[in-house]
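Data block below; observations after.
Protein chains in written order, with the working numbering: chain D, 1 to 338; chain G, 1001 to 1334.
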């Protein structure tokens, strides 16, 4: 069966005074119906721009989708006109954002903010929409939900606001939910509750979820498959269990090594990935991760490694077969020590 | 809410008292007096001046003069010679004007009709309100339009015009309007005919409102630009709402908060501060009278002008704060 969402060779560029920023550079991935895909990467690697590109909400200017195709249920969203897009946004693809403190309109009641998409997409009357909004708030676990419809966002806590955001996103039973770092701005205890809620509702409503995060713990607990992004490119993709057991891209390996473990000895230092991600303006033709890579060799500086199949349903963008067990080269470890 | 309003109104009392006392004091301390004449003209005889000073209570100590103006006093009735109770400003009696040698009171000068013509206050207030409406009704849509069409020719044009109006001041815009529309195009008469209910008001309204128009336009534009890139606008777009609905329902209400805030002081200034416009367009309003009062050391008129300004500022600010509470649910008054 064809995937619900199929992104092919997506290119999203931002035109700035310093040059063209290729925020999303030839990115392809897919999401099947009922599946949860995780997109992982550090800040500025193009995760959020990818999701906004799918919604066609890239601020333009300066942003521009320069190429590629985004098939949603067989239809190319990049060919759709604005009216068709409006019919899809909030209705068939819904999105929740990172910061629930700023993502709700402060001068409208939460009831109004939920009913507006119900009235728009499902053509409900005001009264029907209001009672449905009450049910939705109840569904996301807000106590005495129907009484809180007249409240304003500032009368809710951060976790409750994210619940409101979820209720708003799920109002029209979307087929795909894009969650852009849904727990980053929340307390750790609330994070778990929100993830559990998303998981539960995904089962109940039978939707596909694309969860964007930099938190590998979230990925491990939530997703079926993972796409790792670095510097605007996909650098590894695999089933979640496969990726955690057998990472093949040095960047992914670095990410996994950097997670502190409870069972290791006290006083051990953290294992960060050294350096910073490259500027996305005028990336030279070399492996974008090479300046930070512990396994770098001369070939890495000659061309940009393409995604290649390294195992069943597992692709990685590295020229060499590197695994967790590959020893660090002597020269490189000296370099680190110095 | 009503408790809040009552408290705000009560707070006006000390403010008015302090402003009254300071203005009265400064006016009194200024060298010269209401009965001085230029050195080359016939001087008032010392005997007459003494009688006048007595008549206006200027021989009394300062605190007594002030309380007579502000609160009340027992004043000798010239006919019977008996002391008679008399209210001051708090009772609506703003005292005699020295310029008329006491024949007319300040409230008569400011608020009473003069041989069929409306009062001076009417002219100033109407002109101010019209200018405010002109500035708001044009300024807000222009600011919104410029922000929504940012970096297009429309934006640049609106930005240029509003900057032009803000920088030029009423004085220059007023003369420009007279030269272009009255002298050259002859659409209006240079000497206004105030029997006409509309025509003479148009140019002074534009002149007085122009600075505020530019100000409101620029403020609205920057405020809309600020709101436009908020996260909740992206949320609204992600719901699939049409652009007009996003603008009307989500952007405008948020963007107008800072605009509403400045309307209070702006309104008070427009209603009472119409001096240049009144001079250029020969409007028989209060502004001219109040400035002349300073030159003539007309103490009661000067202080009354200040009190009226502060009163309107307080009322306008209260109205704005209430409007603010109605627009922004995060603000509640207790």
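All C-beta atoms in this analysis are idealised placements derived from N, C-alpha and C, irrespective of residue type, glycine included. No experiment lies behind these values; they were computed from the predicted model shown.
Alpha-carbon to alpha-carbon, residue j and residue i
i	j	result
residue 1240 of chain G	residue 202 of chain D	21 Å
residue 1153 of chain G	residue 63 of chain D	21 Å
residue 1306 of chain G	residue 1299 of chain G	11 Å
residue 71 of chain D	residue 4 of chain D	8 Å
residue 1027 of chain G	residue 1303 of chain G	8 Å
residue 241 of chain D	residue 218 of chain D	13 Å
residue 18 of chain D	residue 67 of chain D	21 Å
residue 1194 of chain G	residue 1117 of chain G	9 Å
residue 1217 of chain G	residue 1095 of chain G	42 Å
residue 341 of chain D	residue 229 of chain D	This structure does not reach residue 341 of chain D, given that chain D is present from 1 up to 338, and the question cannot be answered.
residue 268 of chain D	residue 327 of chain D	20 Å
residue 1243 of chain G	residue 1237 of chain G	8 Å
residue 1138 of chain G	residue 1213 of chain G	7 Å
residue 309 of chain D	residue 1 of chain D	22 Å
residue 1382 of chain G	residue 1178 of chain G	The requested residue 1382 of chain G is not part of the displayed model; chain G covers only 1001 to 1334.
residue 61 of chain D	residue 115 of chain D	31 Å
residue 1318 of chain G	residue 1062 of chain G	33 Å
residue 1200 of chain G	residue 1210 of chain G	17 Å
residue 1007 of chain G	residue 1057 of chain G	35 Å
residue 21 of chain D	residue 29 of chain D	21 Å
Residue-level contact to chain G via CB, residue i, 9 Å cutoff
i	result
residue 63 of chain D	no
residue 235 of chain D	no
residue 116 of chain D	yes
residue 106 of chain D	yes
residue 91 of chain D	yes
residue 168 of chain D	yes
residue 132 of chain D	no
residue 71 of chain D	no
residue 129 of chain D	no
residue 94 of chain D	yes
residue 88 of chain D	yes
residue 28 of chain D	no
residue 6 of chain D	no
residue 14 of chain D	no
residue 85 of chain D	yes
residue 102 of chain D	yes
residue 120 of chain D	yes
residue 25 of chain D	no
residue 109 of chain D	yes
residue 97 of chain D	yes
Distance between beta carbons of residue j and residue i, contact taken as under 8 Å
i	j	result
residue 296 of chain D	residue 27 of chain D	The pair is not a contact, with the Cβ atoms about 24 Å apart (cut-off 8 Å).
residue 248 of chain D	residue 236 of chain D	6 Å
residue 300 of chain D	residue 319 of chain D	7 Å
residue 150 of chain D	residue 109 of chain D	5 Å
residue 1123 of chain G	residue 1283 of chain G	5 Å
residue 172 of chain D	residue 117 of chain D	6 Å
is_contact[residue i, chain D] using C-beta, thresh 9 Å
i	result
residue 1006 of chain G	no
residue 1321 of chain G	no
residue 1302 of chain G	no
residue 1221 of chain G	no
residue 1328 of chain G	yes
residue 1149 of chain G	no
residue 1297 of chain G	no
residue 1114 of chain G	no
residue 1199 of chain G	no
residue 1249 of chain G	yes
Any non-hydrogen atom of the ligand GTP within 8 Å of residue i CB
i	result
residue 180 of chain D	Looking at this structure, you won't find the ligand GTP or any other ligand, since it has none at all.
| task | Compile a chain-ordered list of the residues in the region 1223 to 1244 of chain G whose CB is closer than 9 Å to at least one CB of chain D. | result | Taking 9 Å as the Cβ-Cβ cut-off against chain D, the residues of the region 1223 to 1244 of chain G that qualify are 1229, 1230, 1231, 1232, 1233, 1234, 1235, 1236, 1237, 1238, 1239, 1240, 1241, 1242, 1243.
| query | When Cβ atoms are compared, which residues of the region 1251 to 1268 of chain G fall closer than 9 Å to chain D? | reply | Flagged, chain order: 1253, 1254, 1257.
| said: I want to know whether the region 78 to 87 of chain D touches the region 312 to 322 of chain D - three or more CB-CB distances under 8 Å. | reply: Contact between the region 78 to 87 of chain D and the region 312 to 322 of chain D is absent, because fewer than three Cβ pairs lie under 8 Å.
| request: Determine contact between the region 1271 to 1282 of chain G and the region 1126 to 1141 of chain G, defined as no fewer than three beta-carbon pairs at a distance below 8 Å. | output: A contact exists between the region 1271 to 1282 of chain G and the region 1126 to 1141 of chain G.
| request: Would you be able to state if there are at least three C-beta pairs under 8 Å between the region 91 to 104 of chain D and the region 165 to 172 of chain D? | output: Judged by Cβ distances under 8 Å, the region 165 to 172 of chain D makes contact with the region 91 to 104 of chain D, as three or more pairs qualify.
| Residues of the region 42 to 59 of chain D with Cβ closer than 7 Å to any Cβ of chain G, in chain order | For the region 42 to 59 of chain D, which is checked against every Cβ of chain G, the residues closer than 7 Å are 55, 57.
| request: Give a yes or no on contact between the region 270 to 287 of chain D and the region 1003 to 1014 of chain G, applying the rule of three or more CB pairs nearer than 8 Å. | output: At 8 Å Cβ cutoff, the stretches do not touch.
| field | Given 8 Å, three or more beta-carbon pairs between the region 284 to 299 of chain D and the region 211 to 218 of chain D | value | No, the region 284 to 299 of chain D does not touch the region 211 to 218 of chain D.
| request: Check each residue of the region 288 to 319 of chain D: if its Cβ is closer than 9 Å to any Cβ of chain G, include it; give the result in chain order. | output: Under the 9 Å Cβ criterion, the region 288 to 319 of chain D contributes no residue.
| task | With 7 Å as the C-beta to C-beta threshold (strictly closer), list the residues of the region 150 to 168 of chain D near chain G in chain order. | result | Answer set for the region 150 to 168 of chain D: 152, 154.
| Between the region 199 to 220 of chain D and chain G, which residues of the former have a C-beta closer than 7 Å to a C-beta of the latter? | Going along the region 199 to 220 of chain D in chain order, one finds no residue with a Cβ nearer than 7 Å to chain G.
| said: Using a Cβ distance threshold of 8 Å, determine whether the region 1217 to 1236 of chain G contacts the region 102 to 121 of chain D, with at least three qualifying pairs required. | reply: Counting Cβ pairs under 8 Å, three or more are found: they touch.
| query | So does the region 1051 to 1065 of chain G actually touch the region 1246 to 1265 of chain G, counting three or more Cβ pairs closer than 8 Å? | reply | No, the region 1051 to 1065 of chain G does not touch the region 1246 to 1265 of chain G.
| field | Contact the region 1062 to 1079 of chain G vs the region 1024 to 1043 of chain G: 3+ CB pairs below 8 Å | value | Touching, yes, given that three or more Cβ pairs across the two stretches are closer than 8 Å.
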